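The structure under discussion appears below in the form of structure tokens.
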Amino acid sequence: MAVNVLLPVFLVVGVGWLLGRSLRLDPDPLAKLTFWILSPALIFESLRTAQLPLEHYGIVTAFVVAHYGGMYLLSLPLRRLLFPDNPAAQAAASLTLVFGNCGYLGLPIL
Numbered sequence: 071m072a073v074n075v076l077l078p079v080f081l082v083v084g085v086g087w088l089l090g091r092s093l094r095l096d097p098d099p100l101a102k103l104t105f106w107i108l109s110p111a112l113i114f115e116s117l118r119t120a121q122l123p124l125e126h127y128g129i130v131t132a133f134v135v136a137h138y139g140g141m142y143l144l145s146l147p148l149r150r151l152l153f154p155d156n157p158a159a160q161a162a163a164s165l166t167l168v169f170g171n172c173g174y175l176g177l178p179i180l
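Structure (structure tokens):
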């Protein structure tokens, strides 16, 4: 099972490395393509083909709402404590506490 998962990953990495060495490609367009097109398509397709019982969607939704709500409530006193005289920094602190940098966290699981 691990070979079925890891082999395609290493093949893609190897092809990317070879193309990068031989063609001298600019990574910016490829990064934008991956971030804006390929990753959302992979996530959408994985969700579309997932065979989960209907009650799991309710559990996931409840967890997400509880997580974001809890992190927002946690951010309220912390942002005032850390940035007492700077409303812009308070707003930025709330955003960074509520929405973590986990954009690619679940892609290996998919």
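Quick note, in the working numbering, the sequence shown goes up one by one and the last residue is 180. Backbone N, C-alpha and C define an ideal beta-carbon position, used for all residues, glycine too. The model shown is predicted, which means the values in this text are computed figures rather than measured ones.
In the three-state reduction of the DSSP assignment, Met71 falls in the coil class. The continuous stretches of alpha helix (DSSP H) do not include Ile107, and DSSP gives it neither H nor E. Taking a 10 Å sphere around the C-beta of Arg149, we find 16 or more other C-beta atoms and assign the residue as buried.
Boundaries for Leu122: no alpha helix (DSSP H) harbours it, and the DSSP string shows neither H nor E there. By the Cβ rule, the segment 164-171 counts as touching the segment 138-149, because three or more pairs are nearer than 8 Å. Annotated three-state conformation of Arg94 is coil, per DSSP. His137 is the residue among Leu151, Ala159, Leu152, His137 whose C-alpha sits nearest the C-alpha of Gly170.
Here Phe80 carries a helix assignment [DSSP, helix/strand/coil]. For Pro157, the uninterrupted alpha helix (DSSP H) run begins and ends at 157-168, by DSSP.
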